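Numbering (this note's numbering), first residue to last: 19 to 305. Beta carbons: idealized from backbone N, C-alpha and C, even for Gly. Source: prediction; values computed, not measured.
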Amino acid sequence: MADTAPFDAGPNGDYTIDQNWSAYTAEEHAVWDLLYERQMEVLPGRAADEFLEGLTLLNLAKGGIPNFETMSDELEALTGWRVVAVPGLVPDAVFFEHLANRRFPAGQFIRKRSELDYLQEPDVFHDVFGHVPMLANPVFADYMQAYGKGGMRSLEWDALKNLAALYWYTVEFGLIQTDKGMRIYGAGIVSSKSESIFALEDRSPNRIGFDLERVMVTDYRIDDFQQTYFAVESYKQLFDATVETDFAPLYDKMQGAYRFKPEDVTPTDRLIDKGTQDYADAGGRNA
Ligand code: PHE
Ligand code: CO
């Protein structure tokens with residue numbers, strides 16, 4: 019999501035562009051393959067089964083940057099979702115409308131080999147490798163559509179910060195508690211080698227059971243590893259908690275503001291791990 023976008027709505031009127039798949043260079047495909055290999059060194063045993071199943075179902079291991087058309091045909095057959103190309107971040111209302119119509123807007127460009135680990139704007143690897151596998155899961159696919167519809171409805175309130183925090187702590191940086199142990203499913207984690215390890219194994223961040231209202235009033239880091247991760251017990255829990263709640267009274271109460279800092283632990287939290295915050299206190303990635 020972005021408040022303003024440096025692009026115009028384009029010929030389609032909805033910020034979508036042609037992926038122009040045939041124009042990707044051999045080097046760009048090679049960067050995808052390298053990123054893919056690096057993630058597969060860390061994801062088995064760390065990523066949620068649903069994420070890994072999505073990768074397999076959509077044949078994302080085939081090699082090179084996926085062609086959105088063929089990938090979307092496969093995804094549509096599974097859950098009705100398609101992936102559309104956009105030049106970068108699009109305005110919130112446009113983003114919500116795409117999700118509400120089961121279209122996932124994905125960045126068309128890929129990062130350079132010199133910036134494998136960290137980039138400011140989501141590229142095709144983050145958007146496709148990170149987000150699309152979970153869209154093959156029926157419950158998560160429905161959650162994403164509901165989020166888009168909820169986002170469109172929220173525009174009547176000053177609620178974007180609260181709604182953005184929900185997206186951040188679930189879709190981007192969510193954990194799930196499974197019978198086999200804690201797993202990662204958030205796209206921002208599963209598309210980052212270092213955060214895939216940090217989110218599960220480092221003693222620095224807090225890990226807290228998901229609670230809708232708590233999450234919606236919690237600020238977050240956009241420039242470094244998270245200081246707190248929230249864990250759901252199932253995607254159904256996430257779906258039910260969000261879809262069955264009328265957000266209108268929450269928006270009135272929250273007033274588009276945060277009550278908690280990224281590192282806070284509150285007395286009512288279902289605390290799984292109390293983080294030391296060693297990493298953040300030492301200056302994080304700038305240390
Ligand atoms: N139930 C929310 C509302 O009343 C909509 C929503 C669903 C928001 C799922 C986020 C995720 O607006
Ligand atoms: Co993302």
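- Counting C-beta atoms within 10 angstroms of its own C-beta, S210 has 16 or more neighbours from the protein chains shown and is therefore classed as buried.
- The segment 236-246 makes contact with the segment 265-280, as at least three CB pairs between them are under 8 Å.
- The DSSP-derived three-state label of A103 is strand.
- Classified as buried, Y33 has 16 or more neighbouring CB atoms from the shown chains inside 10 Å of its CB.
- Secondary structure remark: continuous alpha helix (DSSP H) runs of at least 4 residues inside the segment 59-128, in chain order: 67-75, 86-97, 110-118.
- Sorting I215, E190, P84 by C-alpha distance to the C-alpha of P62 places I215 at the top.
- Judged by pairs of C-beta atoms under 8 Å, the segment 120-137 does not touch the segment 66-74, as fewer than three such pairs exist.
- When distances are taken from the beta-carbon of D299 to the heavy atoms of ligand 1, even the shortest one reaches 7 Å or more.
- In its chain, beyond the 5 residues on either side, F122, A124, V189, A205 have a beta carbon closer than 8 Å to the beta carbon of H149.
- Contact between G192 and V101 fails: their C-beta atoms lie close to 20 Å from each other, not under 8 Å.
- With a cut-off of 7 Å, the C-beta of G199 is classified as distant from ligand 2, since no heavy atom of the ligand falls inside that distance.
- According to the DSSP assignment, T246 belongs to the beta strand (DSSP E) that extends over 246-250.
- When the five nearest sequence neighbours on each side are left out, no beta carbon in the same chain lies closer than 7 Å to the beta carbon of A48.
- Between D160 and F257, the gap from beta carbon to beta carbon is short of 8 Å.
- If you check the C-beta of D291 against ligand 1, you find no heavy atom less than 7 Å away.
- Close CB contacts of R129 within its chain, under the 6 Å cut and outside five residues either way in sequence, are with L137, D141 (chain order).
- When rounded, the separation of the alpha-carbon atoms in P109 and F25 is 10 Å.
- Contact between Y247 and V157 is absent: CB atoms are separated by about 20 Å, not below the 8 Å threshold.
- One Cα belongs to E94, the other to A305, and the distance between them is close to 44 Å.
- Excluding sequence positions up to five before and after I290, its CB lies within less than 7 Å of the CB of R225, I226, G227, A249, all in the same chain and listed in chain order.
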